[in-house]
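Under this note's numbering, the residue at position 121 of the sequence shown is numbered 121, and the numbers go up by one with no gaps.
The beta carbon of each residue, even a glycine, is placed where N, CA and C say it ideally should be.
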Amino acid sequence: MKSLQPGLLALATFFCIFPVGCGGSNAEQPTIASSEVAVSVDPPAVSLSVSQTQQFTATVTSTSNKNVTWDVNGVAGGTATVGTISSSGLYTAPAQVPSPAQVSVNATSMADPTKSDSANVTISEIAGSGPFTGVLTYHNDNSRTGQNLNESVLSPANVTQSKFGKLFSYPLDGQVFAQPLYVYKVPIDGQNHNVIYVATEHDTVYAFDADNKASSALWSVSFLNSAEGVTPIPSSDLDSPINPEIGVTSTPVIDGNSGTLYVLAATKENGNYVHRLHALDITSGAEKFGGPVVIQGSVPGSGSGSSNGQITFQTKIQLQRPALLLSKGVIYLAWASYNDHGLYHGWVMAYDASTLHQIAIWNDTPNGERGGIWQSGCGLSADSAGDVYVATGNGTFDAQAGGTNYGDSFIKLTLNGSSLSVTDYFTPFNQQTLSDEDSDLGSSGLVLLPDQAGVNPHLGISAGKEGKIYLVNRDHLGKFQSDNDSQIVQSIPDALGTTPDDRNF
């Protein structure tokens with residue numbers, strides 16, 4: 001397993017509909033034909049808590065007079081009931097939620113009073129303890145589809161060069177490999193905030209206001225303690241492609257019901273290497289459920305690195321790359337290696353989300369070697385029944401002969417009590433070649449397609465380093481055939497480029 005994914009810059013950049021103009025003085029200025037004048041208000045829709053403020057801007061085109069007048073629900077300057085707005089477009093929400101809770105902020109051109117635009121503002125009380133909504137996990141759902149089926153703001157009309165792009169940025173203390181997460185209406189310091197959560201390789205988690213740049217983060221938490229010798233892991237210790245340090249690499253996951261962010265942090269502590277699972281309150285960053293907990297465990301086996309019939313999890317050589325998965329009250333984590341170094345294995349561990357107690361542990365090559373689970377950062381996926389899907393990398397495979405090793409395979413895991421067991425799998429016919437050439441099948445995760453009518457209602461799709469796309473039936477993954485992969489729904493060879501120089505890479 002060797003990663004092909006480069007690092008990201010240590011900068012949190014926010015993209016949304018952004019302001020491109022503002023109201024000015026009331027001095028008269030020359031105009032051109034009024035029929036050409038147009039007004040645009042940004043942002044076009046916001047949600048605010050009572051008494052919260054929002055800066056609106058108005059862009060006026062096709063006239064040299066850029067001035068506008070502002071009103072709320074048709075009343076110049078607004079009222080205490082629906083909120084007030086200044087001549088510069090600063091809106092202040094009312095002290096109580098109006099009825100209806102949505103009001104209209106309007107900007108009217110001074111050059112042509114028949115031309116105006118509006119923004120919708122939804123007012124709410126300060127949020128309580130949840131449930132919270134937003135982008136709470138990698139690619140927005142446990143199927144890893146990346147879909148947002150409830151989009152209400154973005155449209156072809158406002159995702160344009162003039163309205164959509166970089167809004168602002170915040171400096172960070174390290175590289176970011178984890179996907180930022182977003183939560184709507186989080187109560188922090190007495191106000192609701194739409195919050196972006198970012199984790200860095202310097203072992204820091206930040207909570208930023210997603211709508212308005214502030215002088216600093218809403219809160220941040222560091223897992224380091226230099227006085228106690230707790231630092232990020234230097235990349236030179238591991239021959240890691242992630243430079244110069246390793247801290248938080250995987251995407252955290254948020255439980256919207258409890259308002260908890262789960263994150264895995266790697267540290268070096270006085271010569272020892274430690275992985276910890278943290279559970280943080282999304283409103284403050286405080287640790288919850290008695291956390292954090294140190295990751296450890298072992299399984300029976302005679303594979304590489306075994307001793308006395310046991311394989312013990314070796315923190316130093318195991319890279320926790322896949323995004324965390326929260327399914328049915330259980331947190332799932334998975335590990336691979338740093339550039340195939342060391343006597344590593346692919347591991348999956350399950351933890352109770354409410355107690356952080358370890359429930360189960362599974363190793364994909366207990367009597368072999370390698371089989372890292374990295375998936376280029378994609379999280380393990382889960383279906384509605386709670387079954388978990390894993391894609392493994394180069395390593396030993398002998399399941400077709402009754403063995404327990406699953407290198408280069410798609411695995412369906414079922415949690416039963418304290419046991420994670422394989423209930424189905426698919427392995428390509430050329431697995432040995434894939435393994436020998438380091439062409440990991442598991443270089444991407446398995447996306448679970450939406451259920452559909454037909455012969456194969458439950459499908460999954462993935463692709464490996466070889467450039468082949470695999471479409472599998474989740475109800476019957478297909479196991480292994482020695483001569484071809486005709487047992488699966490479809491395979492498409494050479495569908496993807498295999499080097500950065502390929503146009504379809």
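| Check | Outcome |
| --- | --- |
| Residue(s) in a DSSP beta bridge with residue 322 | For residue 322, which the question treats as bridged, DSSP gives no partner whatsoever. |
| Nearest neighbour of residue 170, chosen from 194, 209 and 155 [CA to CA] | 209 |
| Whether residue 315 touches residue 341 by CB criterion (8 angstroms) | no |
| Alpha-carbon to alpha-carbon, residue 246 and residue 153 | 37 angstroms |
| Boundaries (first-last residue) of the alpha helix (DSSP H) holding residue 419 | It is not in any alpha helix (DSSP H) - residue 419 instead sits in the beta strand (DSSP E) that spans 419-427. |
| Simplified DSSP assignment, three categories, for residue 442 | helix |
| Segment limits, beta strand (DSSP E) that includes residue 281 | 272-281 |
| Supposed close pair residue 471, residue 391 - CB separation, criterion 8 angstroms | Between residue 391 and residue 471 the Cβ distance is about 14 angstroms, and since that is not below 8 angstroms, they are no contact. |
| Identity of the residues DSSP links to residue 245 by a beta bridge | 234 |
| Any 3 or more C-beta pairs closer than 8 angstroms across the stretch 42-58 and the stretch 92-100 | yes |
| Where residue 23 falls: helix, strand or coil (DSSP) | Its pLDDT being 33, under 50, residue 23 is placed unreliably by the model, and nothing is read from it. |
| Validate contact between the stretch 120-138 and the stretch 255-274 using beta carbons, cut 8 angstroms, 3 pairs | yes |
| Beta strand (DSSP E) segments (min. 3 residues) lying fully within the stretch 37-103 | 38-42, 45-49, 53-55, 57-61, 68-72, 83-85 and 90-92 |
| Span separating the alpha-carbon of residue 509 from that of residue 487 | Lying outside 1 to 505, the shown extent of the chain, residue 509 is not represented and no answer is given. |
| Proximity winner among 370, 467, 100 and 107, relative to residue 58 (alpha-carbon distances) | 107 |
| Neighbourhood of residue 367 by C-beta distance below 7 angstroms, restricted to the same chain and skipping five residues each side | 301, 302, 303, 403, 404 and 405 |
| C-alpha distance - residue 573 paired with residue 248, whole-angstrom precision | Residue 573 cannot be examined here, being either before or after the span of the chain that is shown, 1 to 505. |
| Closest residue to residue 397 among 453, 430, 421 and 497 (Cα-Cα distance) | 430 |
| Residue 436 (DSSP reduced to helix, strand or coil) | helix |
| Given residue 230 as reference, the closest of 203, 151 and 284 once Cα atoms are compared | 203 |
| Assumed close pair residue 370, residue 394 - CB separation to whole angstroms, cut-off 8 angstroms | 6 angstroms |
| Beta-carbon separation (whole angstroms), residue 123 vs residue 103, contact threshold 8 angstroms | 7 angstroms |
| Identified DSSP bridge partners for residue 390 | 411 |
| Cα-Cα separation, residue 330 to residue 288 | 15 angstroms |
| Secondary structure of residue 138, DSSP reduced to three states | helix |
| Alpha-carbon to alpha-carbon, residue 490 and residue 464 | 14 angstroms |
| Secondary structure of residue 228, DSSP reduced to three states | helix |
| Rounded distance between the beta-carbons of residue 233 and residue 266, thought under 8 angstroms | 5 angstroms |
| Buried versus exposed call for residue 283 [16 or more other C-beta atoms within 10 Å across all chains shown] | buried |
| Helix, strand or coil at residue 145 [DSSP, three-state] | coil |
| Rounded separation between residue 494 and residue 84 - CA only | 60 angstroms |
| Segment contact, 8 angstroms Cβ cut-off, at least three pairs: the stretch 110-118 with the stretch 57-72 | yes |
| Beta-carbon proximity of residue 172 to residue 200, cut-off 8 angstroms | yes |
| Between the CA atoms of residue 428 and residue 385 - distance to the nearest angstrom | 26 angstroms |
| Burial state of residue 421, where buried means 16 or more other Cβ atoms lie within 10 Å | exposed |
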